[in-house]
Amino acid sequence: FCRKKMTSSRRHHLKSLMLGIAKGLLEKEAAQLEVDRAAYMAENCPDLSMPGSTQELQELCKKLHSNIDKVDEERYDLEAKVAKSDKEVFGFCVYFFGVFPLLFWDPKLQLCVCVCRLRI
């Protein structure tokens, strides 16, 4: 079979037609997605209803922030206590293994394993 080659102007015209159709389809799809999104939001996310006044909500937020600050202070204090205890245990291990060189401590092991060995 012998096929005729398509002229460049015809090819360009068909390509522009296909692009125009694709553009129209994409616009319709985007509009449909927007409608679907609005319907989903209306169904699953109702409007915000505030039973109390704005002043009550602000007071609640202040209480929550003060509780968060208290918990943060306690956490900081506990972290400081744990760090101090870790230093004391490490110092004791260094002293203990310095006084009793017959015992050994593998450097690959962690500090907690060192403390467990002291109890044995």
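The sequence shown begins at 1 in UniProt numbering and counts up by one.
Don't be surprised by glycine CBs; every beta carbon is placed ideally from N, CA and C.
Distance, residue j Cα to residue i Cα
i	j	result
R37	K62	35 Å
L48	L25	35 Å
K23	T54	47 Å
S85	D69	25 Å
residue 161	E74	A query on residue 161 cannot be resolved here, the shown segment of the chain reaching from 1 to 120 and no further.
T7	N44	55 Å
I21	A42	32 Å
G52	S66	21 Å
K28	P46	27 Å
D77	V71	10 Å
E34	S16	27 Å
A30	A39	14 Å
A83	Y95	18 Å
H13	K5	15 Å
E79	Q32	54 Å
Extent of the continuous alpha helix (DSSP H) run through residue i
i	result
S16	8-44
Cβ-Cβ separation, residue j to residue i (assumed contact under 8 Å), whole Å
i	j	result
L57	M50	7 Å
6 Å CB neighbourhood of residue i in its chain, flanking five on each side removed
i	result
M18	none
L64	none
Same chain only: Cβ atoms within 7 Å of residue i, ignoring 5 sequence neighbours per side
i	result
R3	none
Subject >> Every unbroken beta strand (DSSP E) inside the region 53-94 [3 residues or more] >> reply: None, since the region 53-94 contains no complete beta strand (DSSP E) of that length.
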